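Have a look at this one:
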C-alpha cells in the first residue's frame, strides 16, 4: 500500500506541474494576441472574464492539491478537465490560432491516467464534436478562414487512439502492480510463517552464507548454546569467531561448516558434547543455479533421548537374556528329564541299568554338554586380539580339512579364490565361521553335490561366498534363520547360525543368505574393508 500511495503522489505531482505549464502557455498566448477589433470587443470581453475566472479556479485547485494531501484527487481532476476545455476553447476563439487545439492532449492525458478507458474515449469524442460544431461556427463569425472537417476528424481519431492507448497501458500496469503487491504480501506472509516455524522448532538452526557469516539464527539455537543473549549477537559474525567463542576443542577446518562451504561436501552428520549436553549436528549446503549460497547447520539436544535409548537397549538386552535362558532351560530340560526318569526307575526297582540304557543316558548328557558349549560360544567374547590377516590364506590353510569333509560326504569341493586385501579380524572366529557354514552346506546336499567357495573384492568390501546345490531352505525357515534354538536337523541345537551371525558382526561383516527350495543356497559374508582397517 505504501508503494501504491507513493506512485499516486508522483502522478499527481506531474499532473499539477503540467497544469501550471498549461495555464502559463494559455495566458501567454492570450496576452500576445490582444489586437482587439471594435466589432468583437464586447464578445472578447466576455471571453476574457470567463478565461480569468477559469484560470483562477484552476490555479486554486492546483494550490489546494499541494496544501491538502487528504483531498480527493478524482474530483479535482474532473474540475481541471472542465476548466482546461473552457480555457482551450476560449483561447482558440480569442486568438484564431487553431493549432492551440493540440492543448486538448492535456485533458485527454489527465482523463486517461485517472479514469477508465471508456471515459477517456468519450472525452476525446466530445472534444471532436466541439471542434467540428461549436468552435467552427464561432470562429466563422469572428474570424472567417478556410476550414475542413477532415482535419478535425483526423485529430479526433488521434485523440481517441491516444486515450485508448494510455488508459489501456495504465490499466495493465495497475493490474500488474496489484499482482506484484499480492505476491509481495504472500511472500512476506510466507517469510513470517517460515521464521515463526524455524523459531518454534525444537532444534537450533544456523544459516551461514557463502562468505561464512551468519544470516539467520533461531531462538532455540540461542537457548541450547546459552552463551548469547539474542540472535542479533550472531548476525554477520563469521563462523570462525563463533567457534572461538564456544571454545572449540579441534581445528575449525574439522568443523562441518568448513567441510560444506570449502570442501563442497554434501549432507554431514556428527555428534558432540557441549556444556554437558549431547548434541546431534547436521550440516548441508544450499545451491542456487549450481552456486553454493548457504550452509544450514541444525543441532538438537539429544541427551535425554540418548538416556532413553540406553534404557531401552538395557531392557532389550535383559529381555533377550531372559528369552535365551528360558530357551536353554527348555532344551536342557528334555534330556535331563530322560536321565532322571531312568535313574528314578533304577532306584525304585533296585535294578541296574543295562548297557543300552547307559548309552542313552550318555547321549543325553552329551546333548546337554553340546547345548551348553554352543550357548557359551554365543555369549563369550573372544579373548584374543584382532590380527591383520588374509582370508585367502586362511581358506587355503584349511582346504585339506574342507576337502576331507566334502570327500567323506561324497561332495565335490571347488575353490575360486582371488587375491584380496588384508583384513583386521579374529582368526579363530573366522575359522569357526568357515567350518560352520561349509558343514551346513555339505549336510544340506545329497551324494554327488557340489560346493563352491569363492573369494573376491571390490572397492569397499571383501566377499566370502559359499554356494551349494542342495535342497535349499524353506521360506518360512529362512525368515527366522539365526533365531536361537531354531533347527531343522534331528540332533541340532539351533545355535550354529546364531553363532555365525554373531561372529560376522564382531568382525565388521554382514551375513546374507539367498536360497530357494530345490534351488540350493548361497551364503555371502561381506567384510567391510574401511571399518576393519580403522578399528
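In the working numbering, the protein residues as written are 42 to 576.
Note that beta-carbon positions come from the ideal geometry of N, C-alpha and C, so glycine has one too.
All values reported here derive from a predicted model rather than from experimental measurement.
Is the Cβ-Cβ distance between residue i and residue j less than 8 Å?
{"i": "residue 428", "j": "residue 380", "result": "no"}
{"i": "residue 450", "j": "residue 483", "result": "yes"}
{"i": "residue 298", "j": "residue 325", "result": "no"}
{"i": "residue 63", "j": "residue 147", "result": "yes"}
{"i": "residue 200", "j": "residue 145", "result": "yes"}
{"i": "residue 244", "j": "residue 339", "result": "yes"}
{"i": "residue 286", "j": "residue 268", "result": "yes"}
{"i": "residue 488", "j": "residue 515", "result": "no"}
{"i": "residue 478", "j": "residue 541", "result": "yes"}
{"i": "residue 453", "j": "residue 491", "result": "yes"}
{"i": "residue 513", "j": "residue 562", "result": "yes"}
{"i": "residue 329", "j": "residue 343", "result": "no"}
{"i": "residue 464", "j": "residue 430", "result": "yes"}
{"i": "residue 486", "j": "residue 511", "result": "yes"}
{"i": "residue 503", "j": "residue 432", "result": "yes"}
{"i": "residue 436", "j": "residue 496", "result": "yes"}
{"i": "residue 505", "j": "residue 566", "result": "yes"}
Looking at the structure shown, is residue i part of a helix, part of a strand, or coil, going by DSSP?
{"i": "residue 580", "result": "The displayed coordinates of the chain run from 42 to 576. Any statement about residue 580 would go beyond what the structure contains."}
{"i": "residue 426", "result": "coil"}
{"i": "residue 291", "result": "coil"}
{"i": "residue 336", "result": "strand"}
{"i": "residue 431", "result": "coil"}
{"i": "residue 69", "result": "helix"}
{"i": "residue 548", "result": "coil"}
{"i": "residue 563", "result": "strand"}
{"i": "residue 226", "result": "helix"}
{"i": "residue 500", "result": "coil"}
{"i": "residue 556", "result": "strand"}
{"i": "residue 193", "result": "helix"}
{"i": "residue 148", "result": "helix"}
{"i": "residue 156", "result": "coil"}
{"i": "residue 390", "result": "helix"}
{"i": "residue 61", "result": "helix"}
{"i": "residue 84", "result": "Here residue 84 scores only 46 on pLDDT, less than 50, and its place in the model is too uncertain to base an answer on."}
{"i": "residue 278", "result": "coil"}
Count the other CB atoms within 10 Å of the CB of residue i; is the residue buried (16 or more) or exposed (fewer)?
{"i": "residue 508", "result": "buried"}
{"i": "residue 155", "result": "buried"}
{"i": "residue 280", "result": "buried"}
{"i": "residue 341", "result": "buried"}
{"i": "residue 627", "result": "Nothing can be reported for residue 627: it is not among the residues displayed for the chain, which extend from 42 to 576."}
{"i": "residue 219", "result": "exposed"}
{"i": "residue 543", "result": "buried"}
{"i": "residue 82", "result": "In this prediction, residue 82 has a pLDDT of 41, which is less than 50 and means its spatial position is unreliable; nothing more can be read from the coordinates."}
{"i": "residue 130", "result": "buried"}
{"i": "residue 442", "result": "exposed"}
Please name the residue, chosen from the options, that lies closest to residue i on a Cα-to-Cα basis.
{"i": "residue 242", "options": "249, 262, 257", "result": "262"}
{"i": "residue 168", "options": "159, 193, 154", "result": "193"}
{"i": "residue 336", "options": "316, 305, 320, 312", "result": "305"}
{"i": "residue 273", "options": "566, 170, 217, 255", "result": "255"}
{"i": "residue 426", "options": "390, 460, 447, 471", "result": "471"}
{"i": "residue 602", "options": "250, 157, 240", "result": "Outside the shown range of the chain, which is 42 to 576, sits residue 602, and nothing can be said about it."}
{"i": "residue 164", "options": "344, 208, 191, 140", "result": "208"}
{"i": "residue 196", "options": "65, 140, 153, 497", "result": "140"}
{"i": "residue 569", "options": "461, 403, 554, 387", "result": "461"}
{"i": "residue 149", "options": "59, 66, 228", "result": "59"}
{"i": "residue 334", "options": "214, 443, 249, 51", "result": "249"}
{"i": "residue 439", "options": "400, 480, 401", "result": "480"}
{"i": "residue 211", "options": "121, 399, 125, 161", "result": "161"}
Where residue i and residue j are concerned, what is the direct C-alpha to C-alpha distance, given to the nearest angstrom?
{"i": "residue 142", "j": "residue 133", "result": "7 Å"}
{"i": "residue 309", "j": "residue 323", "result": "6 Å"}
{"i": "residue 182", "j": "residue 222", "result": "Confidence at residue 182 is low in this model, with a pLDDT of 47, below 50, so the placement of that residue should be treated as unreliable; the coordinate-derived value is given next. Residue 182 and residue 222: Cα-Cα distance of roughly 56 Å."}
{"i": "residue 11", "j": "residue 284", "result": "The requested residue 11 does not occur in the structure, where the chain is confined to residues 42 to 576."}
{"i": "residue 458", "j": "residue 317", "result": "51 Å"}
{"i": "residue 118", "j": "residue 151", "result": "7 Å"}
{"i": "residue 564", "j": "residue 469", "result": "20 Å"}
{"i": "residue 260", "j": "residue 234", "result": "15 Å"}
{"i": "residue 275", "j": "residue 240", "result": "15 Å"}
{"i": "residue 289", "j": "residue 282", "result": "10 Å"}
{"i": "residue 332", "j": "residue 498", "result": "38 Å"}
{"i": "residue 389", "j": "residue 404", "result": "23 Å"}
{"i": "residue 384", "j": "residue 446", "result": "38 Å"}
{"i": "residue 79", "j": "residue 67", "result": "With a pLDDT of 39 at residue 79, under the threshold of 50, the modelled position of this residue cannot be trusted, and the question is left open."}
{"i": "residue 57", "j": "residue 253", "result": "52 Å"}
{"i": "residue 291", "j": "residue 229", "result": "40 Å"}
{"i": "residue 264", "j": "residue 271", "result": "9 Å"}
{"i": "residue 382", "j": "residue 549", "result": "46 Å"}
{"i": "residue 444", "j": "residue 378", "result": "39 Å"}
Less than 8 Å between CB atoms is the rule here; does residue i satisfy it with respect to chain B?
{"i": "residue 542", "result": "Checking the listed chains, one finds no chain B in this structure; it contains a single protein chain."}
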